[in-house]
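2 protein chains.
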Amino acid sequence: MIEQTPKVAARKSIFDLLFGRPLSSDEDASEQVGPAAGIGIFGLDALSSAAYGPEAALTLLIPLGIAGISYIVPISASIIVLMGIVYFSYRQTITAYPGGGGSYTVAGENLGVYAGLLAGAALMIDYVLTVAVGISAGVGALVSALPQLQSHTLALCLGILFLLTLVNLRGVRETGFIFLIPTYLFVFSIAVVISIGLFKVFTHGGHPIPIIAPAKLPLPVEAISIWLFLKVFASGCTAMTGVEAVSNGVQAFREPKTKSAHGTLTTIIAILAALLSGIAYLVRAYGIGATAPGLPGYQSVLSQLTLAVVGKNIFYWITIGSILLVLSLSANTAFADFPRLCRAIAEKGYLPYPLTLRGRRLVFSYGVYALALLSGLLLIIFKGVTDRLIPLYAVGAFLAFTLSQAGMVMHWKRKGGRGASGSMFINGLGAAATGITVCVVIAAKFTEGAWITVLLIPTLIYLMYRVRKHYGKISNVTACTIPVDLRKIEPPLVVLPIQRWSRVAENALRFAYTISDDIWALHIVNDGEKGDEGKDELMKVWSQYIEQPAKRAGLKLPELVVMKSPYRLVLTPILDYVMELGRRYPDRQVAVLIPELVERWWWYYLLHNQRATALKLMLYLKGNRRIVVINVPWYLSS
Amino acid sequence: MIEQTPKVAARKSIFDLLFGRPLSSDEDASEQVGPAAGIGIFGLDALSSAAYGPEAALTLLIPLGIAGISYIVPISASIIVLMGIVYFSYRQTITAYPGGGGSYTVAGENLGVYAGLLAGAALMIDYVLTVAVGISAGVGALVSALPQLQSHTLALCLGILFLLTLVNLRGVRETGFIFLIPTYLFVFSIAVVISIGLFKVFTHGGHPIPIIAPAKLPLPVEAISIWLFLKVFASGCTAMTGVEAVSNGVQAFREPKTKSAHGTLTTIIAILAALLSGIAYLVRAYGIGATAPGLPGYQSVLSQLTLAVVGKNIFYWITIGSILLVLSLSANTAFADFPRLCRAIAEKGYLPYPLTLRGRRLVFSYGVYALALLSGLLLIIFKGVTDRLIPLYAVGAFLAFTLSQAGMVMHWKRKGGRGASGSMFINGLGAAATGITVCVVIAAKFTEGAWITVLLIPTLIYLMYRVRKHYGKISNVTACTIPVDLRKIEPPLVVLPIQRWSRVAENALRFAYTISDDIWALHIVNDGEKGDEGKDELMKVWSQYIEQPAKRAGLKLPELVVMKSPYRLVLTPILDYVMELGRRYPDRQVAVLIPELVERWWWYYLLHNQRATALKLMLYLKGNRRIVVINVPWYLSS
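In order, the protein sequence lines correspond to chains A and B. Just so we're aligned: the first sequence equals residues 80 to 717 in my numbering. Just so we're aligned: the second sequence equals residues 80 to 717 in my numbering.
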């Protein structure tokens, strides 16, 4: 046995510039992040929810007129309470499962394989949608500000997707640093607006005067009902999507991993809760309602709020800009989590194995590619306008929440001990609350598109089941627990297609003799075609150039098989002959030698027919275990 | 030597339905056509010119107002005279070159290789443009009649292109029959209009009363000038494009080929001349001028003429319909000629060799594919609206005419004998007239796009020159006029990458022993990755499963090379080792054995990494003549 370690790290290449130098497997630690960068990576999705969660709730309250606004405070309060429960649950998940994997792992280990796959499938769909919707929301806002870009919507979306993919392929650490600035800018701007707003509310005894008045609220046309309240609650809950991200990515954190992850999660939840409650309080104080989306005069709630509090100055534009930026970059959280989730599922054999491989920057590159490809397809299909997809993606997130909480209930039940029953209660409450939310979201949005998710999830689970089954089959069939069978080792029969005598053919024939003495040279004659002369040429030289040297060297003569092909087919007769030879000599292997001229540049291949390639493909498809294909290259340049 | 002819003709397949049953090479005669079908195949392009030639001339006469119309008769007369000269020239070409090839052959054999290539390149561009412009003109007319189809313009264009391609792949004979009906319908309708028109002119003493009055002519804003006259003449000459088609396709005709081809050419020219003179005469008699294209109130000259003569009844719609049909099908002539032209050029080595191969229906299929691909690209780039390409395509046609006539002058000069000087004079006159036309077209349309053709033609010739040179190089370098060298025949060194002990690996190792005793098993260990266990597993079984059986069989033990790969690269270390082995044993060949699991369906390949394929590609690109790649398949299904 020889042991070798390559001396050179890796070759320098153009990829170094694009993706950064390759990282060796033991540089893993350097790619890990602390809580500060963690917020940029795993918090963007959750924090950006503050920009659309309250708006989603208020939009459903429009029919209630001015009376509706007062409901936003209790609804936000309930959402924050639910978020608190979910927070404690994920905190415990992180402690219990420091290996990462989040809902998939928790549900899988506590509720059974299929519950895990259900959570996994739901999250996968959720992430793909997050990327498509996030990017298209950002571009949509940009386009409404600069209408001359309208016709480039799709190109802009794909461009951002490409950049996100590139950044994420460069590794976790770099991604964290790049996304730190927009995240903090966003949090800072909203926090300033809220602070000034609160100050004004207090100095004006609860009745502040808006600098720019918000849109007038319509007259009420409806009264509050339980169903409406539930729908508002469910819509507002979109403010919670993205909260599971940290628990999936524990492995990306620096040691002590659990503590870093806890810190990140706590910070994200605290900021999000502060933003949500501040927004809810100010919206009521200023009397700001949602405007009907898609209609003239539409203005987002955060835009109205900022105008009311600080007026239309440079700070307003910074705030709006940071919202747009964070919305379109919220896709990044999916890029951080999706590959890790896929890896966790692939390690159990339910997704293709390459998803477990780490690329040059220690990122699970295939997961990144898969996410980019799937969300890119969505963007292309919907031409960059994915509004219709928004109803689809709360389902996945809340299904995952529910399963994760339910899983934690079982976890505590099994584990028992001090505090277990308290934890069980919290998780049980969370499971019930998020479970109800899932039902409400599905019921409320079913016809708007939630049915697609309801169909997609089982399809995905079925595919995962099939993948696992196929791997199982391969593993069974190829398992080899016996020694190699080395009896009756005989040289193979060699088949060599040869059209004219050239150095390419000479090289191939010479190689044929190095592996066997039993050689069949197949020569196809296209009857009636101009190619006829080839036959004569080869036949003329056959004895002189091939048979005589073989005789002199004391080798067995190759058998020349001349085949007529009235239908001008070349490959079919060769394939047929190979198969027949295989039948005639059932104990021998057949090696088909394919002489190939290797050109220097690909475009030269346009000058040749691709018979060698086609023959290889045909032999591969129609062949069997005893047929082996040998490529004998002849390099034109050397 | 064994001689074989396959018993079965060819396997039945889905392609039979689509393309018809395969034709054997000796069924060539059954695919040949007589003059009647010949007009449908080779005449469509020329005859459809009657629909746009007079219109093109009249459009340039608009500034002359009512006075302009009177010039159409002398101009049409000169065009018909020129056409007569070209006709005699091509008649003689057919007699002199019954092998076909038209302008390319005539110019090449009489004026030198590059004159031939010039004609060839010009015609190739002309044909590609004919297809794109013809189809898009037809679809354009259809869309202006049914505006609801507007948004499907490109799809309609590509659909027609697809159908034309399919029909042409079915063979010459079928194509001829399919296109017979629209051709005759077109000729018949126009002939009827002209006859009724002439009758009315005579019965009204030269001043017929139009049933529906043509558009009022504008007041003159310009007087006639030599330059305008030349431009009108040059524009009107587009009525002659497509006339060369028959001379390229002589081989497609039934015996006696020359006579059949002559008959077809004479019929086409006679009909075209009759249509052109009839249209010119009636246009003047009825006072019909062109309307500005692209502006409101536009109506084609033929439409105005038909309305004036027969009114707006069913016959009007039949006529207009047949014009549209013939315009969009005129592309078919290019499909008949382009592959033959390419074949003629490829036979001399100036275009890729596969263009000389005949497909299942004895058609030069690669030429058909190339034409479909190139014109399809044009259609896609211009989104199905190719008006801007029209100025480009008279250049190619007239350049080919000129070269062909000039070639014939040289032909007669060399041949001499009775009547040679007369023929020389006719061809010389034709060369001069068409030569002047080329100059006028280029000068008049240079900025409108003719410059593209002027640039493209030399580019194409340069490419052809490079192709020829590359073939020459291959032929020189691979030429082998020595017997095969069979001294020092030694078995190759075998390199076998192996990650875990499986039946796939067992199968490959067994094959390795059938060709050589010198085996290196390469095992890559991804240091620090989870894959680590693989190493242990293989090492554990190595002695028991591999070394002991080899010892028992009295074979040399394979060398196990364990390589650490800190950067998780698998292929690079293998490639490096193979290259090093090659350097260490400079006299031996290295055979890299690639064990491969063959799955039943392609989608299963998504479940595996494509390392085998990638390794083959890397070895192919970076390898050398001494490195041979052997695929050892292991079929999962069998």
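By construction, the Cβ of each residue, glycine as well, lies at the ideal position given by its N, Cα and C atoms.
By Cβ distance, which residues of its chain are closer than 7 Å to B:Asn710, with the 5 residues on each side in sequence left out?
Ile673, Glu675
Limits of the unbroken beta strand (DSSP E) element including A:Tyr714
706-714
Quick one: what's got a C-beta closer than 8 Å to A:Val464's C-beta in the same chain, skipping five residues either side?
So the list reads Ser215, Gly219, Thr232, once near-sequence residues are dropped.
Beta carbon proximity, B:Leu565 to chain A, threshold 9 Å
yes
Excluding the five sequence neighbours on either side, which residues of its own chain have a C-beta within less than 6 Å of the C-beta of B:Asp611, listed in chain order?
Bear in mind that the predicted position of B:Asp611 carries a pLDDT of just 49, short of 50, making it unreliable; the figure below should be weighed with that in mind. Once the five neighbours on either side are set aside, B:Asp611 has no close Cβ partner at all.
Determine the extent of the alpha helix (DSSP H) in which A:Lys524 is found, giving its start and end residues.
499-524
Can you give me the C-alpha to C-alpha distance between A:Tyr699 and B:Val677, rounded to a whole angstrom?
Going from the Cα of A:Tyr699 to the Cα of B:Val677 covers about 8 Å.
Measuring CA to CA, which of B:Leu406, B:Ile424, B:Ser444 is closest to B:Ala415?
B:Ser444
Can you list the alpha helix (DSSP H) stretches of 4 or more residues lying completely in the region 297-375 of chain B, in chain order?
Correct list: 305-315, 324-327, 336-365.
If the cut is a Cβ gap below 8 Å, which residues of chain A does B:Ala632 touch?
Leu565, Arg566, Ile568
For A:Tyr150, which of A:Lys338, A:Gly368, A:Leu237, A:Ser401 has the nearest alpha-carbon?
A:Gly368
Segment limits, beta strand (DSSP E) that includes A:Met642
638-643
Within 9 Å (strictly less), CB to CB, does A:Asp666 reach chain B?
no
Under 8 Å Cβ to Cβ from A:Arg493, same chain only, skipping five residues before and after it: list those, please.
Asn189
Find the residues of chain B that neighbour A:Leu660, judging by a C-beta separation of less than 9 Å, and give them in chain order.
Per Cβ cutoff of 9 Å: no residues; A:Leu660 is ~12 Å from chain B at best.
Assigned secondary structure, B:Ser581 (DSSP; H/G/I helix, E/B strand, else coil):
strand
Under a three-way DSSP split, which group does B:His602 fall into?
strand
Determine which residues of the region 300-326 of chain B have a Cβ less than 7 Å from any Cβ of chain A, and write them out in chain order.
none
Could you tell me whether any Cβ in chain B is nearer than 9 Å to the Cβ of A:Asn688?
yes
Neighbour list for B:Tyr183 in chain A, Cβ cutoff strictly below 8 Å
Under the 8 Å cutoff, chain A gives no residues; its nearest Cβ is about 18 Å from B:Tyr183.
According to DSSP, which residues form a beta bridge with B:Ala670?
B:Val573, B:Val707
Is there a Cβ of chain B sitting closer than 9 Å to that of A:Pro652, yes or no?
So, interface residue.
If you measure between the beta carbons of A:Asn327 and A:Leu420, is that distance less than 9 Å?
It is a contact, given that the beta carbons lie within the stated cut-off.
Using C-beta distances below 6 Å, list every residue in its chain close to A:Thr435, excluding the 5 sequence neighbours before and after it, in chain order.
Cβ-Cβ distances below 6 Å link A:Thr435 to Arg422, Ala425, Glu426 in the same chain, with the five nearest sequence neighbours on each side left out; the list follows chain order.
Bridge partners for B:Leu676 per DSSP, in chain order?
In the DSSP assignment, B:Leu676 forms a beta bridge with B:Trp713.
For B:Ala211, the nearest candidate out of B:Phe265, B:Leu648, B:Thr412 (CA to CA)
B:Thr412
Residues of chain A with CB closer than 7 Å to the CB of B:Tyr683, please, in chain order.
Per Cβ cutoff of 7 Å: His549.
Apart from the five residues on each side of it in sequence, which residues of its chain come closer than 7 Å, Cβ to Cβ, to A:His341?
Arg170, Ile173
Since I believe B:Ile358 is in contact with B:Pro153 (beta carbons under 8 Å), could you give me their beta-carbon distance rounded to a whole number of angstroms?
No, B:Pro153 and B:Ile358 are not in contact; Cβ-Cβ is about 14 Å, not under 8 Å.
Are the beta-carbon atoms belonging to A:Leu354 and A:Ala270 less than 9 Å from one another?
Yes, Cβ-Cβ distance for A:Leu354 and A:Ala270 is below 9 Å.
Cβ shell of B:Gly163 (< 8 Å), same chain only, five flanking positions each side left out:
Ile348, Ala352
Suppose the cutoff is 6 Å on Cβ atoms and the five residues either side in sequence are ignored; what does the same chain contact list for A:Ala600 look like?
Leu575, Ile577, Pro637, Leu639
Contact with chain A by B:Glu585, beta-carbon distance below 9 Å:
yes
Taking 9 Å as the CB-CB cut-off, is B:Leu97 touching chain A?
no
Would A:Ser128 and A:Gln484 be called neighbours here (beta carbons separated by less than 9 Å)?
Contact: no.
I believe A:Gly250 touches A:Val112 by the beta-carbon criterion, under 8 Å. Please report the beta-carbon distance rounded to the nearest angstrom.
A:Gly250 to A:Val112, Cβ: 10 Å. No contact.
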